[in-house]
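These notes concern the structure reproduced below.
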Ligand code: SF4
Ligand code: SF4
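Chains as they are written, first to last, in UniProt numbering: chain A, 1 to 277; chain B, 1 to 389.
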């Protein structure tokens, strides 16, 4: 199973880089050195990026997909975030339940205070407290959800750092939900299909009893497309996506320039999503 | 020996029918849940484990508590426990059957449960929990059965069984330790992220398990003419009191860490449990009455058990032990698991209230456990009576 999936991503990634797939300039895996670097030797990996969040820890080598979200830009243009969320919902057949109890969400809006529980201060202005922020799976480098899963239904793709899920292997024990410190996981408490507003045939819908979450749009990356939420904010720089370990990538340029924060960096999960506040 | 379950007084059959009724209700509720999904429960995205997993957590303790009889008898050769060790082993079987049923009831995709075995994942504590639970179940069935058969034939149990008896002791400790590790290895859940969870679980297990055995012995004395013996009872009381005090001490330590360090994360869940947590002008406190009942019942029952009356009067003893069992059930079977989710990772608060369907399943599983224990005890005591002639 696992191998097949990886091979698929690899092949898909290779075809992208060979120019078949087009727009994305995102290197998907480290396994295609010849194509990526244009000559026969393995590319020299960029030095570990400076750790953000105050940890001088060495970052793992190889492609590490990550995201920088510019909350300032998001807030200048509130509809943008809504359209990013809508894009994710449309791309992944995410059911929209009317009640909070059944909620399934991959990327969602929450007040700054809630998203950055470690960063809220007693005298922060009301503006900051309720600063609309956005939460999604951090695709942690050391993800507690993967550690907790008893069936490897949640696993980490070593080739690019995506924390992915196999909905068909998930037994619905919800241990990963208890383990994730970011509340990034949802459970299908009942059959989600009747609550999918518009069905996208390109992506499987889920059955009741399994966990789901943001997958960094692995399926779109494989086709050479950007993540749906990134695409929805295209041209604004509100979300930058790319390889954190590639010194020449756009995301690194942003990270090197801007002051960014991560959610709960002290927990050692090493999130791959960064925020500019 | 199984035929011993087929003969009994009317009261025995009425009791079985009574349990059977709840089992049927539980089964019907489960069918509903199976068809609809876990949305039939009160659980939500924020409180993703509810009654099932908390019952499981508590019952692992009841199962582990049986070791408090096995250990003195086999290791310290404490002869007085000779007659009741088998009760401890059979109680453990019933408790683990309940644990496994609660886990099955809690799975979103129960038909895939075997994936845990098909895709073994050594980094997951749940994987080890499955191993030790099933191992402990197997050991208790094996040891209980072989030793009882030997007794029936009035011969010494075969030597090889002692290996498994001794093996069951570390297994008993491990089932509860690993269950504690399910919780205390999770970053970001301050309430569970505490090194004292495993000792706390063990202490409460070593009190609650034997307390239930004492109650069972007293019932058996009335309805089945089985006398465990005064000395054994008194010893059990001592064990229960010490273990219960230790548990209360450990709970107190959690309070110290939370309130002396004054770190909000360490205080929130305790506040939620015992005082109510204020959040955006609303006080969330639906567990507060349960937790204070726990404290009062726990100290009350310890005090009662420590009086001389408990040693002389079966009624006082029974009430004391029942109250203690109930107290620790409130602590571990309700409060501990639920409070870990409040507040959630984004400091939002969602309260959990079980649904009727969920309660139906829960009661059904308990009834199944009682059924298993009743039948096993019937066999054990039948053999006992037969041997005594
Ligand atoms: S944010 Fe949560 S779900 Fe996502 S990788 Fe980290 S621990 Fe797992
Ligand atoms: S990366 Fe893809 S799956 Fe994740 S939030 Fe964005 S659109 Fe949704």
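Backbone N, C-alpha and C fix where the C-beta goes; we use that ideal spot for every residue, glycine too.
Would you list the one or two residues that DSSP bridges to residue i?
i                      : result
residue 156 of chain A : A:163
residue 278 of chain B : B:283
residue 132 of chain A : A:111
residue 212 of chain A : A:186
residue 67 of chain A  : A:241 and A:273
residue 261 of chain A : A:275
- [ ] Write down every uninterrupted run of the alpha helix (DSSP H) in the segment 107-157 of chain B whose length is 4 residues or greater and which is fully enclosed by it, in chain order.
- [x] Under the rule that a run must span 4 or more residues, the alpha helix (DSSP H) segments found entirely inside the segment 107-157 of chain B read 115-118 and 125-153.
TODO: Evaluate contact between the segment 371-380 of chain B and the segment 31-45 of chain B, counting only Cβ atoms and requiring at least three cross-stretch pairs below 8 Å.
DONE: At 8 Å Cβ cutoff, the stretches do not touch.
Task: Segment contact flag, the segment 102-119 of chain B with the segment 219-239 of chain B, C-beta cutoff 8 Å, min 3 pairs - done: The way I'd put it, the segment 102-119 of chain B doesn't touch the segment 219-239 of chain B; fewer than three beta-carbon pairs between them come closer than 8 Å.
- [ ] Examine the Cβ distances between the segment 201-216 of chain B and the segment 173-180 of chain B and report whether three or more of them are shorter than 8 Å.
- [x] Segments in contact, yes.
TODO: Report yes or no: do three or more beta-carbon pairs, one from the segment 95-115 of chain B and one from the segment 168-175 of chain A, lie closer than 8 Å?
DONE: Contact holds: three or more Cβ-Cβ distances are below 8 Å.
TODO: Under 5 Å from any heavy atom of ligand 2, by CB: list those residues in chain order, please.
DONE: My final list is A:88, A:106, A:107, A:136, A:214, A:216, A:217, A:227, A:228 and A:229.
Task: Near-chain B residues of the segment 111-130 of chain A (beta-carbon distance less than 8 Å), N- to C-terminal order - done: Here the close residues are 113, 114, 115 and 117.
Task: Residues of the segment 143-156 of chain A whose Cβ lies closer than 8 Å to any Cβ of chain B, in chain order - done: Listed in sequence order: 144, 146, 147, 148, 149, 150, 151, 152 and 153.
Task: Interfacial residues, the segment 176-205 of chain B to chain A, with Cβ spacing under 9 Å - done: For the segment 176-205 of chain B, the beta-carbon criterion of a distance under 9 Å to any beta-carbon of chain A is satisfied by 182, 183, 185, 186, 187, 188, 189 and 192.
Open item on the list: Pairs of beta-carbons, one from the segment 323-335 of chain B and one from the segment 51-61 of chain B, closer than 8 Å: are there three or more?
Closed with: Between the segment 323-335 of chain B and the segment 51-61 of chain B, the count of C-beta pairs closer than 8 Å reaches three or more; the two stretches touch.
- [ ] Counting only runs of 4+ residues fully inside the segment 229-257 of chain A, write out the alpha helix (DSSP H) ranges in chain order.
- [x] Look at the segment 229-257 of chain A and you find these whole runs of alpha helix (DSSP H), each 4 residues long or longer: 250-257.
Open item on the list: Threshold first: 4 residues or longer. Then list the alpha helix (DSSP H) segments lying entirely within the segment 33-111 of chain B, N to C.
Closed with: Entirely contained in the segment 33-111 of chain B, the alpha helix (DSSP H) runs reaching 4 residues are, in chain order, 51-65, 67-70 and 85-106.
TODO: Name, going along the chain, the residues of the UniProt domain "4Fe-4S ferredoxin-type" (161-190) of chain A whose beta-carbon falls closer than 9 Å to a beta-carbon of chain B.
DONE: So the close ones are 168, 169, 170, 171, 172, 173, 174, 175, 177, 178, 179, 180, 181, 182, 183, 184, 185, 186, 187, 188, 189 and 190.
TODO: Give, in chain order, every residue of the segment 13-36 of chain B whose Cβ lies closer than 8 Å to some Cβ of chain A.
DONE: Residues of the segment 13-36 of chain B that bring their beta carbon within less than 8 Å of a beta carbon in chain A comprise 36, in sequence order.
Open item on the list: Count Cβ pairs between the segment 108-118 of chain A and the segment 343-353 of chain B that sit closer than 8 Å; are there 3 or more?
Closed with: Counting Cβ pairs under 8 Å, three or more are found: they touch.
TODO: Anything in the segment 269-288 of chain B with a Cβ closer than 9 Å to a Cβ of chain A? List those residues in chain order, please.
DONE: For the segment 269-288 of chain B, the set of residues with a beta-carbon nearer than 9 Å to any beta-carbon of chain A is empty.
Open item on the list: By the 8 Å beta-carbon criterion, what residues does the segment 259-271 of chain A contribute toward chain B?
Closed with: Hits within the stretch, in order: 264, 267, 268 and 269.
TODO: Count the C-beta pairs between the segment 375-385 of chain B and the segment 216-228 of chain B that are closer than 8 Å, then say yes if the count reaches three, no if not.
DONE: Yes: the two stretches touch, three or more of their Cβ pairs being nearer than 8 Å.
- [ ] Pull out every residue of the segment 46-77 of chain B whose Cβ sits closer than 9 Å to any Cβ of chain A, in chain order.
- [x] Cβ contacts with chain A come from 46, 48, 49 and 53.
Task: Near-chain A residues of the segment 336-363 of chain B (beta-carbon distance less than 8 Å), N- to C-terminal order - done: Those would be 340, 341, 344, 345, 346, 347, 348 and 350, in chain order.
Open item on the list: So, does the segment 86-98 of chain A touch the segment 190-203 of chain A, judging by three or more C-beta pairs under 8 Å?
Closed with: Yes, the segment 86-98 of chain A touches the segment 190-203 of chain A.
TODO: Report the residues of the segment 127-143 of chain B with a CB closer than 7 Å to any CB of chain A, ordered along the chain.
DONE: For the segment 127-143 of chain B, which is checked against every Cβ of chain A, the residues closer than 7 Å are 127.
TODO: Starting from the N-terminal side, write out each stretch of the alpha helix (DSSP H) that is 4 residues or longer and does not extend beyond the segment 209-275 of chain B.
DONE: Counting only runs of 4 or more, we get 230-261 and 264-274.
TODO: Using a Cβ-Cβ cut-off of less than 9 Å, give me the residues of the segment 209-227 of chain A that come near chain B, in sequence order.
DONE: Answer set for the segment 209-227 of chain A: 209, 210 and 211.
TODO: Check whether the segment 147-157 of chain A touches the segment 123-134 of chain A, counting contact only when three or more Cβ pairs, one atom from each stretch, lie closer than 8 Å.
DONE: In short, these stretches do not touch, since the Cβ pair count stays below three.
Task: Given 8 Å, three or more beta-carbon pairs between the segment 62-70 of chain A and the segment 238-249 of chain A - done: Contact holds: three or more Cβ-Cβ distances are below 8 Å.
Open item on the list: Does the segment 181-198 of chain B come into contact with the segment 65-76 of chain B, if we say contact requires no fewer than three beta-carbon pairs (one atom in each stretch) closer than 8 Å?
Closed with: Not touching, per the Cβ criterion.
TODO: Inspect the CB distances between the segment 135-150 of chain A and the segment 205-221 of chain A and report whether three or more fall short of 8 Å.
DONE: Contact annotation: the segment 135-150 of chain A touches the segment 205-221 of chain A, with at least three C-beta pairs closer than 8 Å.
Open item on the list: With a threshold of 8 Å, are at least 3 pairs of Cβ atoms found where one atom belongs to the segment 221-235 of chain B and the other to the segment 258-269 of chain B?
Closed with: Short answer: they don't touch.
TODO: May I ask you to list, following chain order, the residues of the segment 78-103 of chain A that have a beta carbon less than 8 Å from some beta carbon of chain B?
DONE: Under the 8 Å Cβ criterion, the segment 78-103 of chain A contributes 100, 101, 102 and 103.
TODO: Within the segment 328-368 of chain B, note down every full alpha helix (DSSP H) run reaching 4 residues or more, in order along the chain.
DONE: Taken in chain order, the whole alpha helix (DSSP H) runs of length 4 or more contained in the segment 328-368 of chain B are 336-339.
Task: Cβ-based contacts, 7 Å cut-off: residues of the segment 206-217 of chain B near chain A - done: Listed in sequence order: no entries.
- [ ] Take every Cβ of the segment 348-363 of chain B, pair it with every Cβ of the segment 40-57 of chain B, and state whether three or more of those distances are shorter than 8 Å.
- [x] Segments in contact, yes.
TODO: Specify whether the segment 74-87 of chain A and the segment 255-271 of chain A touch according to this definition: at least 3 beta carbon pairs, one from each stretch, less than 8 Å apart.
DONE: By the Cβ criterion, the segment 74-87 of chain A is not in contact with the segment 255-271 of chain A, since fewer than three pairs of Cβ atoms, one from each stretch, lie closer than 8 Å.
Open item on the list: Using a Cβ distance threshold of 8 Å, determine whether the segment 26-36 of chain B contacts the segment 128-141 of chain B, with at least three qualifying pairs required.
Closed with: No, because fewer than three Cβ pairs between the segment 26-36 of chain B and the segment 128-141 of chain B fall closer than 8 Å, the two stretches do not touch.
Open item on the list: In chain order, what are the residue ranges of uninterrupted alpha helix (DSSP H) at least 4 long that sit wholly in the segment 299-328 of chain B?
Closed with: Correct list: 308-312.
- [ ] Pair every Cβ in the segment 283-290 of chain B with every Cβ in the segment 303-321 of chain B, then say whether three or more of these pairs are closer than 8 Å.
- [x] With the cut-off at 8 Å, the segment 283-290 of chain B and the segment 303-321 of chain B do not touch.
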